[in-house]
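Counting in the UniProt record's numbering, the final residue of the sequence shown is number 214, and the numbers go up one at a time with none missing.
Everything below concerns the one structure shown next.
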Amino acid sequence: MKPDFEKGNGLVPAIVQDAKTKSVLMLAYVNEEAYDKMLETGETYFYSRSRQELWHKGETSGHFQYIQGMYLDCDDDTLLIIVDQVGAACHTGSYSCFFQEIIPYVFEKTIFHEVYDVIADRHIHPVEKSYTNYLLDQGVDKICKKVGEEASETIIAAKNNNKEELIGEISDLFYHVLVLMYQQGIQVEDIEKKLQERHQISGNKKEFHQRGDY
1 MKPDFEKGNG LVPAIVQDAK TKSVLMLAYV NEEAYDKMLE TGETYFYSRS
51 RQELWHKGET SGHFQYIQGM YLDCDDDTLL IIVDQVGAAC HTGSYSCFFQ
101 EIIPYVFEKT IFHEVYDVIA DRHIHPVEKS YTNYLLDQGV DKICKKVGEE
151 ASETIIAAKN NNKEELIGEI SDLFYHVLVL MYQQGIQVED IEKKLQERHQ
201 ISGNKKEFHQ RGDY
């Protein structure tokens with residue numbers, strides 16, 4: 001099974017998607033030589049229509065793409081390539097080539113966003129005997145103390161090798177961290193952005209851990 005290169009005069013479009021974030025990173029074109037190089041090396045290769053030559057993604061920028069999966073569409077003339085992206089996919093330095101908004105897409109909220117919103121609502125509309133209101137009223141010292149306690153309990157649960165207990169303690173820790181974030185004026189998006197920045201500037205997997213970004 002391989003792309004039908006004859007349909008596109010020797011080229012097929014390739015959609016590249018981030019394996020971790022599921023974001024669409026870019027669209028490029030692949031000829032048979034580039035396709036064979038990807039199968040051989042496990043890294044992305046494309047054909048540059050402007051330069052009319054083979055293009056090894058990351059060869060000059062260092063922003064390599066390590067292939068985690070590859071799929072062919074029903075007509076055998078379009079590739080979907082799932083990658084571990086090093087750095088930025090776009091030549092502009094942007095994480096993805098698709099950053100010019102035309103019609104905004106409202107992303108579905110994660111449970112972290114939903115819990116954060118509840119915490120914010122409790123602050124604006126206090127509820128009698130609300131634990132969240134109690135923490136917010138007590139202030140940063142009390143909240144930090146609870147974060148420390150929950151972190152310790154998380155460690156104990158891990159050392160006890162009790163998965164269900166550990167899940168519960170991590171959930172408690174996340175909740176108290178979200179309360180701390182709200183109290184300090186930090187949004188969930190701030191954390192997401194920082195994690196994304198660290199992911200973008202990291203090198204290959206080996207360098208990623210050596211740099212200590214995480």
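Every residue, glycine too, gets a C-beta built ideally from N, C-alpha and C.
Discussion item. Tell me which residues share the same chain as residue 76 and place their Cβ nearer than 7 Å to its Cβ, disregarding the 5 neighbours each side in the sequence.
Written reply: Here residue 76 refers to the residue found at position 76 when the sequence shown is read from its first residue. Result list for residue 76: 3, 4, in chain order.
Worksheet item: Using CA coordinates, which residue listed in 160, 132, 35, 116 is at the minimum distance from residue 81?
Response: For the purposes of this step, residue 81 is taken as the residue at position 81 of the sequence shown. Looking at the Cα atoms, 35 is the closest of the given residues.
Worksheet item: Do you know offhand how far residue 15's Cα is from residue 112's?
Response: Walking along the sequence shown from the start, residue 15 turns up at place 15. Walking along the sequence shown from the start, residue 112 turns up at place 112. Using only the alpha carbons, I get a separation of about 30 Å.
Discussion item. Taking 8 Å as the cut-off, does the region 20 to 27 touch the region 85 to 95 (at least 3 CB pairs, one atom from each stretch)?
Written reply: yes
Worksheet item: Which ranges does the alpha helix (DSSP H) cover as unbroken runs of at least 4 residues, wholly within the UniProt region "Phosphoribosyl-AMP cyclohydrolase" (1 to 111), from first to last along the chain?
Response: 32 to 41
Practice prompt. Buried or exposed for residue 41, please, with buried defined as at least 16 other CB atoms from any protein chain shown within 10 angstroms of its CB.
Written response: Along the sequence shown, read from residue 1 onward, the residue named residue 41 stands at position 41. With fewer than 16 Cβ atoms within 10 Å of its Cβ, residue 41 is classed as exposed.
Discussion item. Do residue 147 and residue 123 count as a contact pair if the criterion is CB distance below 7 Å?
Written reply: Within the sequence shown, residue 123 is the residue found at index 123, counting from 1. Within the sequence shown, residue 147 is the residue found at index 147, counting from 1. For residue 123 and residue 147, no; Cβs fall outside 7 Å.
Fill in: N- and C-terminal bounds of the alpha helix (DSSP H) containing residue 186
As a working note, residue 186 is residue 186 in the sequence shown. Per DSSP, residue 186 belongs to no alpha helix (DSSP H) and is neither H nor E.
Worksheet item: Where do the ends of the alpha helix (DSSP H) carrying residue 130 lie?
Response: The residue given as residue 130 occupies position 130 in the sequence shown. Looking at the DSSP string, residue 130 is not in any alpha helix (DSSP H), and its letter there is neither H nor E.
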